[in-house]
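A short worksheet on the structure shown next.
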Ligand code: GLU
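In our numbering, the protein residues as written are 219 to 529.
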């Protein structure tokens, strides 16, 4: 399924060329624990649909999922609640404001524009917590572990969770605002706590590449051969990754890379190239939009070299 490509060689070359291409980037510091990250780290992984996984660079590095966990929350919510219930509470349109913007919410007093901005994911966390209560995080970790095929299971990084939870004025403002207008009809602190835990799940790029390959393989994890989500859920999630996965730089990413993806402020990006492979990159320095500078460069190269757009 990797078309006879020397994928390991391609990843090694891309990692070695791109790891220092972080010019102008700065790591996220608004979550104090993220400010401690070693900005020189770079890791790249690919997982093909025959179940092979390749990695290059600092591939043992663990980092928190941050907004990439919004892919997990959406996939899980669609599986347990169904499309209509989820999309009655969050929209499916791109957003031209930053991921934590309160402006659009206030102007419309309506549902969050999509599940990949903070307000949307907080609503999803709220509905999951409301349904599953204390079981919610364990069920989500089990699900995320299944999507990534991680043996032994993924875990919440408690230091990141505490750091995030204690400095989350903006997310609290979003959640309390939504509660006040009725678009977050769940316990506010419970919704936020689950949202922060999701953002704090530790992963490596090989975990994310396998998660990408599960989406690219229409919901069947090609490594474990376990069906994790329905074909419809995979279509919905990758569709939204295409239009709103890279914050308000999703359009630029579509031009440069052209593959469904979701980034996070830890410096990771997970990609799902339908019918081809999952890819993931980690490099902490971010551009103004909150996306990994070297990560976008590496993915842009790989998209061309591997013809991931199908042409
Ligand atoms: N935990 C982060 C926040 O809520 C996630 C942001 C991101 O990765 O986009 O601010």
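We treat Cβ as the ideally placed atom computed from N, Cα and C, and that holds for glycine.
Would the beta-carbon of residue 483 be found less than 6 Å away from any heavy atom of ligand 1? yes
DSSP state of residue 306 mapped onto helix, strand, coil: coil
Cutoff 6 Å; reference residue 485; Cβ partners in own chain excluding five residues on either side: 500, 501, 502, 510
Would you report the Cα separation of residue 253 and residue 522, rounded to the nearest angstrom? 33 Å
Return yes when the C-beta of residue 468 is under 6 Å from any heavy atom of ligand 1, and no when it is not. no
Selected residue, minimal CA-CA separation from residue 405, among 385, 481, 346: 346
Simplified DSSP state of residue 480, which is helix, strand or coil: strand
Taking its Cβ as the centre, do 16 or more other Cβ atoms sit within 10 Å of residue 278, making it buried, or is it exposed? exposed
Which residue marks the beginning of the beta strand (DSSP E) containing residue 266, and which one marks its end? 261 to 266
Secondary structure, beta strand (DSSP E): runs of 3+ residues fully inside the stretch 399 to 423: none
Which residue or residues does DSSP assign as beta-bridge partners of residue 487? 481, 499
So the candidates are 275, 338, 247; which of them puts its Cα closest to the Cα of residue 236? 275
Distance check for residue 386 and residue 395, CA to CA, integer angstroms please. 14 Å
Contact check, residue 498 vs residue 263, beta carbons under 7 Å: yes
Beta-bridge partners of residue 244, as assigned by DSSP: 504
Cα-Cα separation between residue 473 and residue 285, rounded to whole angstroms: 21 Å
Other residues of its chain near residue 437: CB distance less than 8 Å, five sequence neighbours each side excluded: 445, 446, 447, 448, 449, 451, 452
Boundaries of the beta strand (DSSP E) in which residue 374 is found, first to last residue: Taken as a continuous stretch (DSSP letters only), residue 374 belongs to no beta strand (DSSP E), as it is neither H nor E.
Less than 6 Å separating the Cβ of residue 245 from some heavy atom of ligand 1? no
For residue 219, which residues from the same chain have a beta carbon less than 7 Å from its beta carbon, with the 5 sequence-adjacent residues on both sides left out? Note on residue 219: pLDDT 46, under 50, position unreliable in the model; the coordinate value appears next. Contacts found: 266, 267, 268.
Please name the residue, chosen from 270, 518, 426, that lies closest to residue 290 on a Cα-to-Cα basis. 426
Pairwise C-alpha distance: residue 355 and residue 506: 31 Å
Residues that residue 535 bridges to, as DSSP identifies them: No statement about residue 535 is possible, as the shown extent of the chain runs from 219 to 529 and does not include it.
Cα separation between residue 370 and residue 360? 10 Å
Nearest-angstrom Cα separation, counted from residue 324 out to residue 288: 22 Å
Can you grab the Cα-Cα spacing for the pair residue 330 / residue 488, in whole Å? 23 Å
Under the three-state reduction of DSSP, which class applies to residue 275: helix, strand or coil? strand
Any idea what DSSP makes of residue 510, helix, strand or coil? strand
Residues bridged to residue 282 [DSSP beta-bridge criterion]: 420
Could you give the distance in angstroms between the alpha-carbon of residue 455 and the alpha-carbon of residue 433? 8 Å
Would you kindly check if the distance between the Cβ of residue 508 and the Cβ of residue 477 is under 7 Å? no
Where does residue 464 sit, in a helix, a strand or coil, going by DSSP? coil
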